[in-house]
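Enquirer:
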Amino acid sequence: MKTMDEIVTERFEGILRVQLNRPEKLNAMTSGMYIGLAEIIDGAARDESIRVVLWHGAGDAFSAGNDIEDFLENPPGAGESPQSKLMNALVDFDKPLVAAVHGAAIGGGTTMLLHCDFVYAGESTKFQMPFINLAVVPEFGSSGILPHTIGHIHAAELILLGSAFNASRAAELGLVTKVVSDQELLATATETARHLAAKPSGALQASKRLLKRSFRELTKAAMAAENEVFSVQVRSDEAKAALAAFIAKHSPAAGGASKSATAA
């Protein structure tokens, strides 16, 4: 087992297990975590001994999205950014990516999952894409992926309203592979990872490339457009006001838990 800052990795049976390990902050993503995770995914792509990546979160959540305070200190630009490094690593990854999701999967904690091949959701999972509530726009290619996969009507419901939805609703929409009990979650995802790792790796990767050939083109175009608009919107007065209000509402002084200062 290897620990790199707030991400823990472990290799076994051709599988790389990647755990977001910031439970006190609901595994909210900092700039350093985006860069670290991108390097892990890129490294796994080059390592022939790794056939599958298994991804999950420590504690009570998968990920509550961006750490808002870190995000305000390091807002992404239209070009290269920590977030874009991870986006590109995920969209170019040819090996199977299996996610085990429980608790909070908010903002990027939901949109990152759109790049996985298998998503197992625990019954406790609460998904949400509250970007508009914070006066910003969707990211990780979700503005292109969601209409393409679930249709415009459902995509508008999730993105424009920004409301939370549970694991059952995610399954109805086709956003998760299967809903299982929280107790069985990691074991179920690990079993799938083992099955995949046992298959011929060349054919497995080639098949994923074929499955995602048109998807990659659409996603990269969506990410480029999102990044350009996001970089402008996050610096707008309405975004600054919305993000400041969110932090004030969830600060310990206001009676909120400090680990809740996450959302986008």
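The sequence shown begins at 0 in numbering that gives the first Met the number 0 and counts up by one. The beta-carbon is built from N, C-alpha and C at its ideal position, and this holds for glycine as well.
For my contact list, Gly102 and Gly64 are in at a C-beta cut-off of 8 Å; report their separation, rounded to the angstrom.
Expert: Along the sequence shown, read from residue 1 onward, the residue named residue 102 stands at position 103. Along the sequence shown, read from residue 1 onward, the residue named residue 64 stands at position 65. That pair is no contact at about 13 Å.
Enquirer: Count the other C-beta atoms from every protein chain shown that fall within 10 angstroms of the C-beta of Lys258, then say buried if there are 16 or more, exposed otherwise.
Expert: Here residue 258 is taken as the residue at index 259 of the sequence shown, counted from 1. Confidence at Lys258 is low in this model, with a pLDDT of 46, below 50, so the placement of that residue is unreliable and no value is reported for it.
Enquirer: Locate the alpha helix (DSSP H) running through Gly31, then write down its first and last residues.
Expert: Within the sequence shown, residue 31 is the residue found at index 32, counting from 1. Looking at the DSSP string, the run of the alpha helix (DSSP H) that includes Gly31 is 30–45.
Enquirer: Along the chain, where does the beta strand (DSSP E) containing Gly107 start, and where does it finish?
Expert: Taking the sequence shown and counting its residues from 1, one reaches residue 107 at position 108. First-last for Gly107: 107–110, but that is the alpha helix (DSSP H), not the beta strand (DSSP E).
Enquirer: At what residues does the alpha helix (DSSP H) containing Glu9 begin and finish?
Expert: Counting from 1 along the sequence shown, the entry for residue 9 is found at position 10. Run containing Glu9: none in the alpha helix (DSSP H); it sits in the beta strand (DSSP E), 6–11.
Enquirer: Mind checking Ala240: buried by the 16 CB within 10 Å criterion, or exposed?
Expert: Taking the sequence shown and counting its residues from 1, one reaches residue 240 at position 241. Exposed, because fewer than 16 other Cβ atoms sit within 10 Å of the Cβ of Ala240.
Enquirer: When you compare the CB positions of Asp93 and Gln232, do they come within less than 8 Å of one another, or not?
Expert: Residue mapping note: residue 93 aligns to position 94 of the sequence shown, counting from 1. Residue mapping note: residue 232 aligns to position 233 of the sequence shown, counting from 1. Their beta carbons are not under 8 Å apart, which means Asp93 does not touch Gln232 by this criterion.
Enquirer: Can you list, in chain order, the stretches of the alpha helix (DSSP H) that have 4 or more residues and sit fully within the region 102–169?
Expert: With a minimum length of 4 residues, the continuous alpha helix (DSSP H) runs that stay inside the region 102–169 are 107–110, 141–149, 151–159.
Enquirer: Out of curiosity, what's the CA-to-CA distance linking Ala155 and Ala238?
Expert: Taking the first residue of the sequence shown as 1, we reach residue 155 at position 156. Taking the first residue of the sequence shown as 1, we reach residue 238 at position 239. Ala155 and Ala238: Cα-Cα distance of roughly 20 Å.
Enquirer: Do Tyr33 and Pro81 have their beta-carbon atoms positioned less than 8 Å apart in this structure?
Expert: Counted from its first residue, the sequence shown places residue 81 at position 82. Counted from its first residue, the sequence shown places residue 33 at position 34. Going by C-beta atoms, Pro81 is nearer than 8 Å to Tyr33.
Enquirer: For the candidate residues Asp4, Glu9, Phe117, Leu25, whose alpha-carbon lies nearest to that of Gly173?
Expert: In the sequence shown, residue 173 corresponds to position 174, counting from 1. Closest option to Gly173, Cα to Cα, is Phe117.
Enquirer: Using 8 Å as the threshold, is the C-beta distance between Gly13 and Ala196 below it?
Expert: Position 14 of the sequence shown, counted from the start, is the residue given in the question as residue 13. Position 197 of the sequence shown, counted from the start, is the residue given in the question as residue 196. Contact flag set, yes.
Enquirer: Pull up the CB-CB distance for Ala60 and Leu25, whole angstroms please, since I reckon it's below 8 Å.
Expert: Taking the sequence shown and counting its residues from 1, one reaches residue 60 at position 61. Taking the sequence shown and counting its residues from 1, one reaches residue 25 at position 26. Yes, Ala60 and Leu25 are in contact; Cβ-Cβ is about 4 Å, under 8 Å.
Enquirer: Can you check DSSP and say which residues form a bridge with Lys177?
Expert: Against the sequence shown, residue 177 aligns to sequence position 178. Looking at the DSSP assignment, Lys177 forms a beta bridge with Tyr119.
Enquirer: Does the beta-carbon of Phe139 have 16 or more other beta-carbons within 10 angstroms, so that it is buried, or is it exposed?
Expert: Within the sequence shown, the letter at position 140 stands for residue 139. With 16 or more Cβ atoms within 10 Å of its Cβ, Phe139 is classed as buried.
Enquirer: Name the residue from Ile144, Leu112, Val135 whose alpha carbon lies nearest to the alpha carbon of Ile221.
Expert: Within the sequence shown, residue 221 is the residue found at index 222, counting from 1. Correcting the residue type first, residue 221 is Ala in the shown sequence and not Ile. Closest by alpha carbon: Ile144.
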